[in-house]
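Trainee: Protein chains in written order, with this note's numbering: chain Y, 1 to 248; chain A, 1001 to 1263. Quick one: this structure, given as structure tokens, is what I'll be asking you about.
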């Protein structure tokens, strides 16, 4: 379980996270939605330990990662599989080497077992036989799927997806949504998706948390969010320019 | 006004200097932490070292040649042209070739490091995310991006300097023989009378520090790149200028510090 308690973060004079509280449970997909500048990416970086908060705590399996040293932090980070918005595949490595990257670093495996794991992971995302290609030869959707394969190859305890459907056509976005549901289908796995794509959020989430102005202003199952009475949340989910939300 | 003109640039300079030292320290420490990135190191040894051989060859042969010619005519005014080999050998190995090799690498390699890393950084968030991705695989980005480059240049810069020393002396010998008609045996005998192993070694010690400078400065300005294509150009230029200036200034201090450098 991930517990985020009273998280505050400012950059210079700008308050980005303002006393954020959120509990994320295993066995279900928790989606954090919010507009541009709402603090989604900053929260994402805090959860994986890339940023330290000004105050507050992030407990992962009851261990506060905000106070950990570099070595302990890498131990916690080892539990994560990340799917970045751009895919973040390493340009200089082939698709197969990208998928193998996390396995080789973290697990002592024989070469044959690694190859098998690469093939299995690529199969899971519906992209067999592309292990020899370079990332520059892939389309946007393929890059995202390879990034998912790379994340699951490591057999993580926590999977995080940052804007997984941004920049994709609706059909490819749906393929990614299905993949997210598939790879998160495990009672032990904590899945976190950060997005502003409401179609995706409604489809994949067990729980949706709405981030605005550095705080979670609403949390609930998709139907609760869809029928919310909160005017700010309504404005966001209906995509209206006019409303109580301050647009930056 | 005073704040904008003096205080802020000074504070920026101090901050950058500290960051460069920290980056250099982290990169060196990371070299010795497993796993050793052999593949990346070998790739940089080839791209930044082996592929620099032609340019170092040309620079060295012509520098040796022109130094031999100018030294001959200069010494001739005092009737001391027999010492051409000595002057050429000592000044090339101690000063000229290490510094010029450093400057050539600053132009060629420091620029490419800052451009390679910088281009990726400014192409939206692609590399920033690649760097973050490294972290999530438990890999220190400095170890992955900077250490292999530092390792490669710590090895290649002194080796290229040694190669340059040899080629420059050959160039000088050739010019002495063909252009000013000095007996090659005389050139050789004067060269070996004056040249000591310490002269060559002091040049190589300097070369190690110049290699470190080129790799760290190039990587630093690459990592700090912002502002689109214009930013990459600015980072590349800044990296070359800063690396060159540090090489020239540090050369002076090395000459003062190294016990055998002033003999």
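For each residue, glycine too, the CB sits at the ideal point set by N, CA and C.
Apart from the five residues just before and just after residue 54/Y, which ones in its own chain have a Cβ nearer than 7 Å to its Cβ?
Mentor: The residues are 8, 9, 10.
Trainee: Under 8 Å between beta-carbons, which chain A residues line up against residue 88/Y? List them in chain order, please.
Mentor: Those within 8 Å of residue 88/Y in chain A are 1126, 1129, 1130, 1132, 1133.
Trainee: When you compare the stretch 1189 to 1196 of chain A with the stretch 1134 to 1144 of chain A, are there three or more beta-carbon pairs, one atom per stretch, that lie closer than 8 Å?
Mentor: No, the stretch 1189 to 1196 of chain A is not in contact with the stretch 1134 to 1144 of chain A.
Trainee: Residue 29/Y lies in the beta strand (DSSP E); which residues open and close that run?
Mentor: 29 to 33 is the span of the beta strand (DSSP E), which, as asked, contains residue 29/Y.
Trainee: I need the DSSP call for residue 11/Y, collapsed to helix, strand or coil.
Mentor: Of the three classes helix, strand and coil, the one that applies to residue 11/Y here is strand, per DSSP.
Trainee: Do the stretch 1083 to 1090 of chain A and the stretch 1168 to 1176 of chain A touch if we need at least three Cβ pairs shorter than 8 Å?
Mentor: With a cut-off of 8 Å, the stretch 1168 to 1176 of chain A and the stretch 1083 to 1090 of chain A count as touching, because enough Cβ pairs lie within range.
Trainee: State the start and end residues of the unbroken beta strand (DSSP E) segment that holds residue 207/Y.
Mentor: Note, residue 207/Y: beta strand (DSSP E), 207 to 212.
Trainee: Less than 7 Å between the C-beta atoms of residue 99/Y and residue 153/Y, yes or no?
Mentor: Taking 7 Å as the Cβ cut-off, residue 99/Y and residue 153/Y qualify as a contacting pair.
Trainee: Step through the CB atoms of chain Y and report whether any lies within less than 7 Å of the CB of residue 1032/A.
Mentor: Chain Y, which has no Cβ nearer than 7 Å to the Cβ of residue 1032/A, makes this no.
Trainee: Please confirm whether residue 110/Y and residue 118/Y have their CB atoms less than 7 Å apart.
Mentor: No. Outside cutoff.
Trainee: Do residue 76/Y and residue 58/Y come within 7 Å of each other at the CB atom, strictly closer than that value?
Mentor: No, the pair does not count as a contact, with Cβ atoms beyond the cut-off.
Trainee: Does residue 1107/A come out as helix, strand or coil in the three-state DSSP assignment?
Mentor: Here residue 1107/A sits in helix by DSSP.
Trainee: Please report the distance separating the alpha-carbon of residue 206/Y from that of residue 187/Y.
Mentor: If I take the Cα positions, the gap works out to 13 Å.
Trainee: Cα separation between residue 1206/A and residue 1108/A?
Mentor: Cα to Cα, the separation comes out at about 18 Å.
Trainee: Could you spell out the range, first to last residue, of the beta strand (DSSP E) harbouring residue 1180/A?
Mentor: It is not in any beta strand (DSSP E) - residue 1180/A carries neither H nor E in the DSSP assignment.
Trainee: Would residue 1054/A be called buried (16 or more neighbouring beta carbons within 10 Å of its own) or exposed?
Mentor: It counts as exposed.
Trainee: Could you tell me the boundaries of the beta strand (DSSP E) in which residue 218/Y lies?
Mentor: Taken as a continuous stretch (DSSP letters only), the beta strand (DSSP E) holding residue 218/Y covers 215 to 220.
Trainee: When DSSP labels each residue in this structure, what does residue 1005/A get in the three-state scheme?
Mentor: Correct three-state label for residue 1005/A: helix.
Trainee: Along chain Y, in chain order, which residues have C-beta atoms closer than 7 Å to that of residue 1136/A?
Mentor: 48, 77, 80, 82, listed in chain order.
Trainee: For residue 168/Y and residue 141/Y, what's the separation of their Cα atoms in angstroms?
Mentor: Each residue's Cα considered, the two are about 6 Å apart.
Trainee: Would the stretch 1038 to 1054 of chain A and the stretch 1148 to 1162 of chain A be scored as touching if the rule is three or more Cβ pairs under 8 Å?
Mentor: Output reads yes: the stretch 1148 to 1162 of chain A touches the stretch 1038 to 1054 of chain A.
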